[in-house]
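Enquirer: Chains as they are written, first to last, in UniProt numbering: chain A, 1 to 96; chain B, 1 to 578.
Note that CB positions come from ideal geometry on N, CA and C, so glycine has one too.
Here's a structure for you.
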Amino acid sequence: MIMILYWSLPMILFILGLFCFVSNRKHLLSMLLSLEFIVLILFFMLFIYLNMLNYESYFSMMFLTFSVCEGALGLSILVSMIRTHGNDYFQSFNIM
Amino acid sequence: MKYLSICSISFVNLISISFSCFLFSLYFLLNNMVYFIEWEVVSLNSMSIVMTFLFDWMSLLFMSFVLMIASLVIFYSKEYMESDENINRFIMLVLMFVLSMMLLIISPNLISILLGWDGLGLVSYCLVIYFQNIKSYNAGMLTALSNRIGDVALLLAIAWMLNYGSWNYIFYLEVMQNEFEMLLIGSLVMLAAMTKSAQIPFSSWLPAAMAAPTPVSALVHSSTLVTAGVYLLIRFNILLSFSWLGQLLLLLASLTMFMSGLGANFEFDLKKIIALSTLSQLGLMMSILSMGFYKLAMFHLLTHALFKALLFMCAGAIIHNMNNSQDIRLMGGLSIHMPLTSTCFNVSNLALCGMPFLAGFYSKDMILEVVMISNINMFSFFLYFFSTGLTVSYSFRLVYYSMTGDLNCGSLNMLNDESWVMLRGMMGLLIMSIIGGSMLNWLIFPIPYMICLPKLMKFLTLFVCIFGGLFGYLISMTNLYSLNKSLLNYNISVFLGSMWFMPYISTYGMIFYPLNMGQLVVKSFDQGWSEYFGGQHLYQKLVNYSQILFLMHNNSLKIYLMLFVFWILILLNFLLFM
């Protein structure tokens with residue numbers, strides 16, 4: 001029972017994050033932000049999970065590194081898209 | 001090619017057949033002979049459907065006159081229709097008309113007469129719509145549909161004739177004279193004859209049919225087609241004489257005579273005046289026929305055919321010279337500009353009026369005197385003599401408008417009297433309409449009618465004619481009556497001048513409610529609900545669905561993703577709580 005309560009908060013947060021991701025569809029920046037939010041929830045879930053596996057928190061560093069790389073990659077796409085097409089509307093991805 | 005045109009060939013053929021028919025009719029008349037030829041088509045149980053040809057002096061004489069007029073009219077059309085592109089079609093139509101007329105004249109059988117009867121209806125429709133315009137189409141439709149009533153009546157008569165096992169009506173007329181079925185057949189045949197001869201409920205088609213070319217009017221609408229009904233009733237005369245059919249026909253025919261005589265006094269279209277005068281003469285024939293004097297009707301039919309065809313041919317020559325205008329108010333002084341045509345015109349007009357020793361005199365005067373010595377009521381007597389006066393009145397009105405005074409036509413117009421082909425055609429009929437009456441009088445009546453009248457009654461016809469002529473001439477002189485009297489009595493002159501409203505009744509009156517209903521159906525079904533639920537609705541649905549489909553084509557990846565996520569959530573919901 002306590003385990004359900006233990007997992008339910010991050011699950012609800014994850015679903016909210018997904019909802020936030022799929023409902024923001026105009027600007028690429030806001031999508032990247034909500035994606036970042038999902039990454040944070042995942043980090044949170046990973047942290048709880050690793051706490052159950054002998055507190056192996058070091059593994060979460062690897063996750064953080066990759067997520068930062070992803071974030072940087074997304075932002076660089078954002079910047080180059082604004083420089084070439086003048087906006088960051090997600091809808092205009094289909095013209096690329 | 002000048003002598004080998006279709007007109008010349010047909011002229012020579014028709015006139016030679018006409019001449020031989022005339023000689024045969026003299027032979028048959030002299031020896032009192034009748035030839036009766038039968039060809040059995042099919043025999044079913046006890047009924048035999050046969051094609052019957054009856055040759056007696058009456059049919060042969062009528063055939064010879066029809067053929068002679070047809071030949072002269074075809075000769076005349078050579079110049080009248082000279083610049084027409086389809087003159088060959090025209091002449092062929094006229095020839096087919098003559099053929100159907102021949103078949104009608106020689107068949108005393110209700111089934112085989114249909115061949116000629118329906119042929120006449122069809123070909124006359126084709127001839128009326130020969131000039132292809134809306135007015136001709138309307139006139140043709142009115143003509144065809146009025147005649148269709150008569151065709152239906154004939155078909156019904158055939159159905160009733162089945163009782164007797166044969167359709168050779170001439171054998172049954174005397175024997176079955178008092179049977180109810182025979183009376184029924186007689187009334188149906190009378191209805192058919194009344195439509196063909198344009199008697200009163202069906203009169204409106206005859207003036208409308210003047211949309212046809214003038215040679216057609218001369219042949220079809222004066223001498224042959226319209227007399228087909230009279231001829232049929234001459235064959236059926238035994239049924240008419242001693243029953244209520246004759247009394248009804250006498251009333252309707254003399255009213256037709258009166259109505260058209262009045263109408264012609266108000267008309268300004270040259271051809272329509274002549275058409276109305278034809279109608280009036282048809283009424284005269286029908287009414288004398290309904291009193292039982294079939295020989296007199298036949299006599300007047302033949303003489304009338306001669307001078308009326310001539311009158312129409314003169315009218316055609318005048319119309320040609322007036323730049324195709326038919327309005328008599330634009331004519332005037334034609335006796336100076338076109339002396340020979342005017343001579344023919346006046347001779348035929350005087351023959352129509354019954355001027356002594358011209359063709360019309362012998363038949364018309366005899367008819368009127370026979371009417372006077374017959375047992376007849378006051379009303380019919382009044383109609384006979386008033387209509388005679390009206391005939392002279394409109395003839396003199398026509399003479400006043402077209403022959404005297406000054407030319408009222410446009411100034412850029414050349415009048416000439418040198419259309420020799422037309423004039424030659426007219427000359428033939430001119431001679432016939434001078435000598436035709438006395439010749440036929442000698443031929444048809446070997447024993448003269450005994451007519452015994454007091455002096456005043458004997459002179460009544462002459463007096464009525466002179467008074468009618470003076471009246472018609474003087475009342476047309478607008479300098480005498482500078483005030484237009486017919487405008488003062490507008491309602492009554494419109495009523496009398498439009499044939500007692502018959503053209504309106506038989507066109508708008510018949511078709512008003514069907515047309516209204518048709519409009520309602522077109523508006524509410526064809527252009528209304530069926531359009532709404534059919535084409536327009538289908539189109540709207542397709543547009544809507546396509547718009548939804550186009551939303552899918554918008555490539556909104558995030559919307560698909562959103563739908564996918566929600567779908568997963570719903571599935572999860574089921575997974576967790578079921």
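If leucine 252/B sits next to methionine 291/B, beta carbons under 8 Å apart, how far is it from one beta carbon to the other, in whole angstroms?
Expert: Position 252 of the second sequence, counted from the start, is the residue given in the question as residue 252/B. Position 291 of the second sequence, counted from the start, is the residue given in the question as residue 291/B. Not really, about 13 Å apart at Cβ, beyond 8 Å.
Enquirer: Check each residue of the region 29-52 of chain A: if its Cβ is closer than 9 Å to any Cβ of chain B, include it; give the result in chain order.
Expert: The residues in question are Met31.
Enquirer: For chain B, check one thing: does any of its Cβ atoms lie closer than 8 Å to the Cβ of serine 92/A?
Expert: In the first sequence, counting from the first residue as 1, residue 92/A sits at position 92. No, no contact with chain B.
Enquirer: Note down, in chain order, each residue of its chain lying with its Cβ closer than 8 Å to the Cβ of serine 136/B, except the 5 sequence neighbours on either side.
Expert: Here residue 136/B is taken as the residue at index 136 of the second sequence, counted from 1. Same-chain partners within the cutoff: Val128, Ile129, Tyr130, Ala211, Ala212.
Enquirer: Give the range of the alpha helix (DSSP H) segment to which serine 48/B is assigned.
Expert: Looking up residue 48/B in the second sequence gives position 48. No alpha helix (DSSP H) contains serine 48/B, which is instead part of the beta strand (DSSP E) from 47-55.
Enquirer: Measuring only between beta-carbons, confirm whether leucine 5/A sits less than 8 Å from chain C.
Expert: The chain labelled as chain C is not found among the protein chains of the depicted structure, namely A and B.
Enquirer: For cysteine 314/B versus serine 363/B, is the C-beta spacing smaller than 8 Å?
Expert: Residue mapping note: residue 314/B aligns to position 314 of the second sequence, counting from 1. Residue mapping note: residue 363/B aligns to position 363 of the second sequence, counting from 1. No, the pair does not count as a contact, with Cβ atoms beyond the cut-off.
Enquirer: Give me whichever residues DSSP pairs with leucine 44/B in a beta bridge.
Expert: Residue numbering aside, residue 44/B sits at position 44 when the second sequence is read from its first letter. Beta-bridge pairing links leucine 44/B to Met47/B.
Enquirer: Is it true that the region 177-192 of chain B meets the region 150-166 of chain B, where meeting means three or more beta-carbon pairs spaced less than 8 Å apart?
Expert: Yes, they touch.
Enquirer: Which bits of chain A does leucine 551/B rub up against, with CB to CB less than 8 Å?
Expert: For the purposes of this step, residue 551/B is identified with residue 551 of the second sequence, where counting begins at 1. Correct list: empty, because the minimum Cβ distance to chain A is about 13 Å.
Enquirer: Use the C-beta contact count for glutamine 199/B: other C-beta atoms within 10 angstroms, 16 or more gives buried, fewer gives exposed.
Expert: The sequence position of residue 199/B within the second sequence is 199, counting from 1. Looking at its Cβ environment, which holds 16 or more other Cβ atoms inside 10 Å, glutamine 199/B is buried.
Enquirer: Please list, in chain order, the residues of the region 507-521 of chain B that have any C-beta partner in chain A closer than 9 Å.
Expert: Per Cβ criterion, the list is empty.
Enquirer: Go through the region 290-333 of chain B residue by residue and report every complete run of the beta strand (DSSP E) that reaches 3 residues or more, in order.
Expert: Correct list: empty.
Enquirer: Any idea what DSSP makes of phenylalanine 258/B, helix, strand or coil?
Expert: One-based indexing of the second sequence puts residue 258/B at position 258. Of the three classes helix, strand and coil, the one that applies to phenylalanine 258/B here is helix, per DSSP.
Enquirer: Please compile the residues from chain B whose C-beta is within a distance smaller than 9 Å of the C-beta of arginine 25/A.
Expert: By one-based count along the first sequence, residue 25/A stands at place 25. What arginine 25/A touches in chain B: Ser556, Leu557, Lys558, Ile559, Leu561, Met562.
Enquirer: Check the Cβ-Cβ distances between residue 580/B and every residue of chain A, and say whether any is below 8 Å.
Expert: No information on residue 580/B is available, as it lies outside the stretch 1 to 578 that chain B covers here.
Enquirer: Under 6 Å Cβ to Cβ from isoleucine 49/B, same chain only, skipping five residues before and after it: list those, please.
Expert: Your numbering for residue 49/B matches position 49 in the second sequence. Excluding positions up to five away in sequence, the list reads Val41, Val42, Ile111.
Enquirer: Can you find a CB in chain B that lies within less than 8 Å of the CB of valine 68/A?
Expert: By one-based count along the first sequence, residue 68/A stands at place 68. No, valine 68/A does not count as interfacial toward chain B.
Enquirer: Rounding to the nearest angstrom, what Cα-Cα distance links leucine 72/B and leucine 184/B in this structure?
Expert: Working through the second sequence from its first residue, we reach residue 72/B at position 72. Working through the second sequence from its first residue, we reach residue 184/B at position 184. Going by the C-alpha atoms only, they are around 40 Å apart.
Enquirer: Looking at chain B, which residues of the region 10-23 of chain A have a Cβ within less than 9 Å of any of its Cβ atoms?
Expert: From the region 10-23 of chain A, only Ile15, Leu18, Phe19, Phe21, Val22, Ser23 have a Cβ closer than 9 Å to chain B.
Enquirer: According to DSSP, which residues form a beta bridge with histidine 27/A?
Expert: For the purposes of this step, residue 27/A is taken as residue 27 along the first sequence, with counting starting at 1. The partner list for histidine 27/A (beta bridge, DSSP) reads Tyr89/A.
Enquirer: Hey, out of Thr256/B, Gly428/B, Leu142/B, Gly354/B, whose CA is closest to tyrosine 504/B's CA?
Expert: Sequence index remark: in the second sequence, residue 504/B carries index 504 (1-based). Per the Cα distances, Leu142/B.
Enquirer: Flag this pair as touching only if the region 27-40 of chain B and the region 76-95 of chain A have three or more C-beta atom pairs under 8 Å; answer yes or no.
Expert: The region 27-40 of chain B vs the region 76-95 of chain A: no contact.
Enquirer: Suppose you measure from the CA of leucine 563/B to the CA of leucine 515/B; what does that come to, to the nearest Å?
Expert: As a position in the second sequence, residue 563/B is number 563, starting the count at 1. As a position in the second sequence, residue 515/B is number 515, starting the count at 1. Going from the Cα of leucine 563/B to the Cα of leucine 515/B covers about 59 Å.
Enquirer: Using 8 Å for Cβ pairs, my map puts glycine 316/B next to proline 215/B. What's the rounded Cβ distance?
Expert: Locating residue 316/B in the second sequence gives position 316, where the first residue counts as 1. Locating residue 215/B in the second sequence gives position 215, where the first residue counts as 1. Right, the Cβ-Cβ distance comes to about 7 Å (below 8 Å), so this counts as a contact.
Enquirer: Spatial neighbours of phenylalanine 495/B within its chain, please: C-beta separation below 6 Å, excluding the five flanking residues on both sides.
Expert: Position 495 of the second sequence holds residue 495/B. Cβ within range, chain order: n/a, list empty.
Enquirer: Are the beta-carbon atoms belonging to cysteine 465/B and glycine 389/B less than 8 Å from one another?
Expert: Against the second sequence, residue 465/B aligns to sequence position 465. Against the second sequence, residue 389/B aligns to sequence position 389. Yes, these two residues count as a Cβ contact at 8 Å.
Enquirer: Starting from lysine 523/B, trace the alpha helix (DSSP H) both ways and give me its first and last residue.
Expert: As a position in the second sequence, residue 523/B is number 523, starting the count at 1. Segment: none, lysine 523/B is in no alpha helix (DSSP H) and carries neither H nor E.
Enquirer: Spell out the partners DSSP gives aspartate 269/B in its beta bridges.
Expert: Start at 1 with the first residue of the second sequence, and residue 269/B comes out as number 269. Answer is Asp327/B.
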